[in-house]
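Taken in order, these protein sequences are the chains called A and B.
The letter at position 223 of the first sequence is residue 249 when you use my numbering, and the numbering goes up by one with no holes.
The letter at position 288 of the second sequence is residue 314 when you use my numbering, and the numbering goes up by one with no holes.
Comments concern the structure below.
Number of protein chains: 2
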Amino acid sequence: MENITCKGFKAAGVASGLKKNGGKDLGLIYSEVPATVAGVFTKNLVQAAPVLLDRERIKSGLCQAVIVNSGNANCCTGDQGMRDAVSTARFAASGLGISEDLVLVASTGVIGQPLDAGKIEAAIPDLVRAAKPDGLADLAEAIMTTDTGPKVVSRQGEIEGKPYTVASVAKGSGMIRPDMATMLCFVVSDINILDDILMESLLAATNKSFNRITVDGDTSTNDTTLVLANGLSEARVKNSAHKESFQIVLDEVLTNLAKMVVKDGEGATKLVEIMIKGALTNKDAYKIADTVANSNLVKTALFGEDANWGRILAAAGRAGVKIDPYKADIFFDDVMIAKNGMWCGENAEEEAAKILKRDEFAISVDLNMGQGLASIFTCDFSVEYVRINADYRS
Amino acid sequence: MENITCKGFKAAGVASGLKKNGGKDLGLIYSEVPATVAGVFTKNLVQAAPVLLDRERIKSGLCQAVIVNSGNANCCTGDQGMRDAVSTARFAASGLGISEDLVLVASTGVIGQPLDAGKIEAAIPDLVRAAKPDGLADLAEAIMTTDTGPKVVSRQGEIEGKPYTVASVAKGSGMIRPDMATMLCFVVSDINILDDILMESLLAATNKSFNRITVDGDTSTNDTTLVLANGLSEARVKNSAHKESFQIVLDEVLTNLAKMVVKDGEGATKLVEIMIKGALTNKDAYKIADTVANSNLVKTALFGEDANWGRILAAAGRAGVKIDPYKADIFFDDVMIAKNGMWCGENAEEEAAKILKRDEFAISVDLNMGQGLASIFTCDFSVEYVRINADYRS
């Protein structure tokens with residue numbers, strides 16, 4: 027991995043003993059100066075303690091450090107869980123010599139078991155010592171659960187000739203469904219931007235990225251995306267043109283991470299974009315895309331490289347919105363497999379079979395009813411997914 | 027299998043060549059006299075040709091024969107598909123020497139490929155010859171797709187001392203989700219009952235049985251349940267007490283079949299009842315039960331015999347209805363694993379682990395908020411499910 031840095035930020039990842047396998051499980055982001063911050067969180071009504079804590083703290087618009095653990099979600103852990111989240115922030119604040127109000131917390135891992143905050147406390151000196159400008163790769167490793175590899179994306183932008191960086195790490199890779207994909211994502215930037223503008227940008231970017239991916243249809247209790255901008259570059263967002271240019275960079279970073287998350291979906295072997303067009307409304311199109319993207323029958327057929335378009339149309343038919351199956355055209359990339367809801371024959375089947383062998387392709391359904399559009403990224407559903415999730419806690 | 031018969035009915039199952047493996051794929055039910063009939067069909071907007079045909083024909087309230095094929099769903103097959111469904115009925119009518127308006131049709135199998143009605147026509151003499159009073163077992167075999175075994179349930183009832191029979195066959199076992207479970211189900215009875223009373227009874231029984239089971243969250247395009255009552259016994263439904271007594275028998279038959287379908291869910295190794303109580307309303311409870319019963323993370327944990335109650339609560343939290351996770355108690359059979367949304371500790375975990383090893387058990391969630399109740403039967407989600415569905419068309 028390239029050595030990614032972002033002015034004024036340090037990051038770290040160490041092993042604290044929370045993960046049974048002894049791997050890195052404690053991560054840190056630290057900014058030399060308090061940064062403006064924006065965050066989006068899970069919409070699940072069951073929310074982990076760190077999510078509840080961050081929702082409160084983020085209201086100040088400022089953050090100087092984020093401490094994050096894997097191996098335990100600190101969710102369904104009651105008052106003790108909240109005390110543990112607060113303590114975790116305090117340990118980090120104390121190690122860094124900053125105010126604990128400026129520390130946010132995130133956790134991922136098993137739900138419903140008490141967090142051993144003592145392990146975190148004991149690892150703080152190590153963690154602080156390990157913090158370094160190119161430490162994002164270590165952080166990315168420390169937040170992995172069933173991920174098969176760390177996920178880091180970085181882009182450069184420029185405002186009035188002044189460069190800035192947007193660097194980001196994320197973890198997936200099960201319990202992924204909009205809104206939002208189950209995951210932790212931390213973005214740092216040295217751009218100078220107001221917190222409310224940052225929040226608008228984050229919401230827009232999230233809708234184009236993490237809210238458009240699905241792995242298994244489950245929404246996590248711990249989803250958290252945080253963006254910290256410390257303003258230490260000379261690039262400053264002063265008008266809507268600047269904002270737009272930053273939006274493009276942020277969109278690209280989060281979209282790339284989102285695709286990495288789906289591609290690394292538990293047991294996934296393929297990244298498939300489900301594109302619905304010609305629906306009556308965008309909302310209808312989204313509902314259909316979501317139903318197709320989460321259909322186990324569609325996803326297992328993708329794993330089997332089977333151009334089973336009937337399952338795609340059947341999923342569309344149960345999405346709860348109006349469609350006319352005998353108007354629908356279905357494509358695998360540019361191969362039309364069904365026209366007006368009917369099979370295009372053996373030739374199309376053979377051509378489609380070639381597309382299905384690819385690692386990445388698109389399934390498009392044109393409903394030919396209106397102008398509604400939506401697209402969602404999904405993955406196939408393999409025997410490995412079941413193996414991973416049957417044994418997760420053992 | 028016991029020799030199940032029902033007065034005045036014959037049934038058959040033969041091989042017509044529609045199934046690639048040469049197994050039985052064509053079935054028949056025939057009544058000596060026209061029977062009153064009631065039916066319920068899929069709510070998917072994509073509906074197979076035989077479903078569209080039956081919906082029309084059933085309006086007459088009378089039916090004398092049902093012809094059903096497996097190996098091809100005759101769905102997404104357009105005008106030709108409808109012509110094939112009509113021809114199929116005509117072939118049967120001609121072979122049996124009855125009016126084609128009195129013949130209903132059902133199909134199950136691959137979606138989107140033309141039905142070879144010629145094979146059906148050629149097999150009619152065989153099929154008619156094979157029809158016999160104890161032929162339901164052959165019919166049950168002929169309608170199987172990924173089912174691992176035939177499903178036949180029969181019960182005796184009595185009205186004013188006069189006995190009658192309700193005998194039934196069904197097939198599952200993927201694309202199962204309310205409403206209604208994907209399946210074909212054919213019920214015959216020699217009771218004497220008006221068609222509108224029969225329809226009311228069927229709807230009530232369906233809500234207690236097939237609308238309470240799920241295997242994989244997909245709703246089929248071909249779901250069909252038909253009940254034929256030919257009145258050849260002396261038992262006659264003349265008042266509401268009689269109706270109630272028939273309802274009990276019909277409920278029991280369909281509930282037993284429904285459980286057989288889930289238990290034989292593709293790759294399933296366990297039958298699990300998801301019971302939600304203490305919700306604000308019954309509707310809320312149903313939504314939560316449906317979300318938990320269809321959660322891949324919950325179902326893979328069941329396969330792994332893992333008492334992962336956090337996934338159960340997390341699924342409840344994303345069901346789209348109001349809950350307070352810190353009021354929820356969760357049980358595996360009679361073992362409380364979580365109280366007030368928090369883990370009950372190692373002892374409970376050990377006791378729960380024993381329950382999880384059973385073939386059948388219940389997961390109960392008491393939300394402690396109101397009086398809302400619902401229950402759904404589901405199964406675990408195994409590597410075998412993925413294998414079956416990845417290769418289905420090959």
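Heads up, the beta-carbon is just placed ideally off N, CA and C, and yes, glycines get one too.
Exercise. From Glu270 of chain A to Ala132 of chain A, what does the alpha carbon distance come to, in whole angstroms?
Worked result: Residue mapping note: residue 270 of chain A aligns to position 244 of the first sequence, counting from 1. Residue mapping note: residue 132 of chain A aligns to position 106 of the first sequence, counting from 1. Glu270 of chain A and Ala132 of chain A: Cα-Cα distance of roughly 29 Å.
Exercise. From Arg155 of chain B to Ala118 of chain B, what distance separates their C-alpha atoms?
Worked result: Stepping through the second sequence from its first residue, residue 155 of chain B is reached at position 129. Stepping through the second sequence from its first residue, residue 118 of chain B is reached at position 92. One C-alpha to the other measures close to 12 Å.
Exercise. So, helix, strand or coil for Gly97 of chain B, using DSSP?
Worked result: The count along the second sequence starts at 1 and reaches residue 97 of chain B at position 71. Coil, per DSSP.
Exercise. Alpha carbon to alpha carbon, how far is Asn237 of chain B from Thr251 of chain B?
Worked result: The residue you call residue 237 of chain B lines up with position 211 of the second sequence. The residue you call residue 251 of chain B lines up with position 225 of the second sequence. About 12 Å.
Exercise. Is the number of C-beta pairs between the region 349-367 of chain A and the region 396-411 of chain A that are closer than 8 Å three or more?
Worked result: no
Problem set entry | For Leu52 of chain B, three-class secondary structure by DSSP | By 1-based counting over the second sequence, the position of residue 52 of chain B is 26. Leu52 of chain B: strand per DSSP, three-state reduction.
For this session: Using a Cβ cut-off of 8 Å, pull out every chain A residue sitting near Ser15 of chain B, in sequence order please.
Result: Residue 15 of chain B cannot be examined here, being either before or after the span of chain B that is shown, 27 to 420.
For this session: Return yes when the Cβ of Val214 of chain B is within less than 9 Å of the Cβ of Ala342 of chain B, no when it is not.
Result: Residue 342 of chain B sits at position 316 when you count from the first residue of the second sequence. Residue 214 of chain B sits at position 188 when you count from the first residue of the second sequence. No, the pair does not count as a contact, with Cβ atoms beyond the cut-off.
Problem set entry | Own chain, CB closer than 6 Å to Gly39 of chain A, minus 5 neighbours either side, in chain order | Locating residue 39 of chain A in the first sequence gives position 13, counting from the first residue. Closer than 6 Å at Cβ, skipping near neighbours: Lys50, Gly53, Asp164, Leu165, Glu167, Ala168.
Exercise. Hey, how far is the Cα of Thr103 of chain B from the Cα of Ala111 of chain B?
Worked result: Here residue 103 of chain B corresponds to residue number 77 of the second sequence, with the count starting at 1. Here residue 111 of chain B corresponds to residue number 85 of the second sequence, with the count starting at 1. Their backbone Cα atoms lie some 10 Å apart in a straight line.
Problem set entry | Proximity below 9 Å, CB of Leu254 of chain A to CB of Ser57 of chain A | Counting from one through the first sequence, the residue named residue 254 of chain A turns up at place 228. Counting from one through the first sequence, the residue named residue 57 of chain A turns up at place 31. Cβ atoms of Leu254 of chain A and Ser57 of chain A: closer than 9 Å.
Exercise. Where does Ser271 of chain A fall in DSSP's three states?
Worked result: On the first sequence, residue 271 of chain A is found 245 positions in, with the first residue counted as 1. Reduced to three states, the DSSP call for Ser271 of chain A is helix.
Problem set entry | Same chain, Cβ closer than 6 Å to Cys32 of chain A, five either side skipped, listed in chain order | Mapped onto the first sequence, residue 32 of chain A falls at position 6. Result list for Cys32 of chain A: Thr191, Ala193, Val214, Asp216, in chain order.
For this session: Could you tell me which residues DSSP pairs with Phe212 of chain B in its beta bridges?
Result: The residue labelled residue 212 of chain B in the question sits at position 186 within the second sequence. Per DSSP, B:Val195, B:Leu252.
Exercise. Residue range of the alpha helix (DSSP H) that Val154 of chain B falls in?
Worked result: Position 128 of the second sequence, counting from 1, holds the residue named residue 154 of chain B. Where Val154 of chain B is concerned, the enclosing alpha helix (DSSP H) stretches over 143-156.
Exercise. Is the beta carbon of Asp249 of chain A less than 9 Å from the beta carbon of Val77 of chain A?
Worked result: Against the first sequence, residue 249 of chain A aligns to sequence position 223. Against the first sequence, residue 77 of chain A aligns to sequence position 51. Cβ distance < 9 Å, so Asp249 of chain A and Val77 of chain A count as in contact.
For this session: Taking the CB atoms as reference points, tell me whether Val332 of chain B and Ala416 of chain A lie closer together than 9 Å.
Result: By 1-based counting over the second sequence, the position of residue 332 of chain B is 306. By 1-based counting over the first sequence, the position of residue 416 of chain A is 390. For clarity, residue 332 of chain B is Asp in the given sequence; the question names Val instead. For Asp332 of chain B and Ala416 of chain A, yes; Cβs fall inside 9 Å.
Exercise. To the nearest angstrom, how far is it from the Cα of Phe357 of chain B to the Cα of Val72 of chain A?
Worked result: Here residue 357 of chain B refers to the residue found at position 331 when the second sequence is read from its first residue. Here residue 72 of chain A refers to the residue found at position 46 when the first sequence is read from its first residue. Cα-Cα distance, rounded: 18 Å.
Exercise. If Leu297 of chain B and Cys211 of chain B are in contact, beta carbons under 8 Å, what's the gap, nearest whole angstrom?
Worked result: The sequence position of residue 297 of chain B within the second sequence is 271, counting from 1. The sequence position of residue 211 of chain B within the second sequence is 185, counting from 1. About 18 Å separates the Cβ atoms of Leu297 of chain B and Cys211 of chain B, ruling out a contact at the 8 Å cut-off.
For this session: Go ahead and pull the three-state DSSP assignment for Tyr411 of chain B.
Result: Taking the second sequence and counting its residues from 1, the one referred to as residue 411 of chain B is at position 385. Here Tyr411 of chain B sits in helix by DSSP.
For this session: With 9 Å as the threshold, decide whether the Cβ of Arg413 of chain B is near any Cβ in chain A.
Result: Here residue 413 of chain B refers to the residue found at position 387 of the second sequence. At least one chain A Cβ lies under 9 Å of Arg413 of chain B.
Exercise. So, helix, strand or coil for Leu393 of chain B, using DSSP?
Worked result: Numbered from its first residue, the second sequence carries residue 393 of chain B at position 367. In the structure shown, Leu393 of chain B sits in coil (DSSP, three-state: anything other than H, G, I, E or B).
Exercise. So Val347 of chain B is in the beta strand (DSSP E); what residue range does that whole segment cover?
Worked result: The residue labelled residue 347 of chain B in the question sits at position 321 within the second sequence. Careful: Val347 of chain B lies outside any beta strand (DSSP E) and carries neither H nor E.
Exercise. Alpha carbon to alpha carbon, what distance is there between Glu278 of chain B and Met362 of chain B?
Worked result: The count along the second sequence starts at 1 and reaches residue 362 of chain B at position 336. The count along the second sequence starts at 1 and reaches residue 278 of chain B at position 252. Between Met362 of chain B and Glu278 of chain B, the C-alpha separation is close to 30 Å.
For this session: Below 7 Å between beta carbons is the criterion; list the residues of the region 259-281 of chain B that meet it against any residue of chain A, in chain order.
Result: none
Problem set entry | Pair within 9 Å by beta-carbon distance, Gly304 of chain A and Asn366 of chain A | Locating residue 304 of chain A in the first sequence gives position 278, where the first residue counts as 1. Locating residue 366 of chain A in the first sequence gives position 340, where the first residue counts as 1. Not closer than 9 Å, so no.
For this session: Compile a chain-ordered list of the residues in the region 147-164 of chain A whose CB is closer than 8 Å to at least one CB of chain B.
Result: none
For this session: Please confirm whether Ala475 of chain A and Pro189 of chain A have their CB atoms less than 9 Å apart.
Result: Residue numbering for chain A in the displayed model covers 27 to 420; residue 475 of chain A lies beyond these limits and cannot be assessed.
Problem set entry | Length of the line joining the Cα atoms of Ala99 of chain B and Glu126 of chain B | Taking the second sequence and counting its residues from 1, the one referred to as residue 99 of chain B is at position 73. Taking the second sequence and counting its residues from 1, the one referred to as residue 126 of chain B is at position 100. Whole-angstrom Cα-Cα distance: 21 Å.
Exercise. To which residues of the same chain is Phe387 of chain B closer than 8 Å at the C-beta, ignoring the five residues directly before and after it?
Worked result: Translated into positions along the second sequence, residue 387 of chain B becomes position 361. Counting only Cβ-Cβ distances below 8 Å, and skipping sequence neighbours, we find Lys296, Val298, Glu299, Phe358, Asp359, Ile381.
Exercise. Just the Cα atoms here: how many angstroms apart are Arg81 of chain A and Phe67 of chain A?
Worked result: Numbered from 1 along the first sequence, position 55 holds the residue referred to as residue 81 of chain A. Numbered from 1 along the first sequence, position 41 holds the residue referred to as residue 67 of chain A. Each residue's Cα considered, the two are about 8 Å apart.
For this session: Output yes if chain B places a C-beta closer than 9 Å to the C-beta of Cys101 of chain A; else output no.
Result: The residue given as residue 101 of chain A occupies position 75 in the first sequence. Yes - at least one Cβ of chain B is within 9 Å of the one on Cys101 of chain A.
Exercise. Just checking my contact of Val129 of chain B with Ile93 of chain B at CB under 8 Å: how many whole Å lie between their CB atoms?
Worked result: Translated into positions along the second sequence, residue 129 of chain B becomes position 103. Translated into positions along the second sequence, residue 93 of chain B becomes position 67. At roughly 6 Å, the Cβ-Cβ gap stays under 8 Å, so Val129 of chain B and Ile93 of chain B are in contact.
Exercise. Should Ser86 of chain B be labelled buried (16 or more other beta-carbon atoms within 10 Å of its own) or exposed?
Worked result: In the second sequence, the residue the question calls residue 86 of chain B occupies position 60. Ser86 of chain B should be labelled exposed.
Exercise. When you compare only the Cα positions, how much space is there between Gly293 of chain A and Arg116 of chain A?
Worked result: Within the first sequence, numbered from 1, the residue matching residue 293 of chain A stands at position 267. Within the first sequence, numbered from 1, the residue matching residue 116 of chain A stands at position 90. C-alpha separation (whole angstroms): 37 Å.
Exercise. Taking Cβ positions only, does Pro204 of chain B come closer than 9 Å to chain A?
Worked result: Within the second sequence, residue 204 of chain B is the residue found at index 178, counting from 1. Note on Pro204 of chain B: pLDDT 44, under 50, position unreliable in the model; no value is reported.
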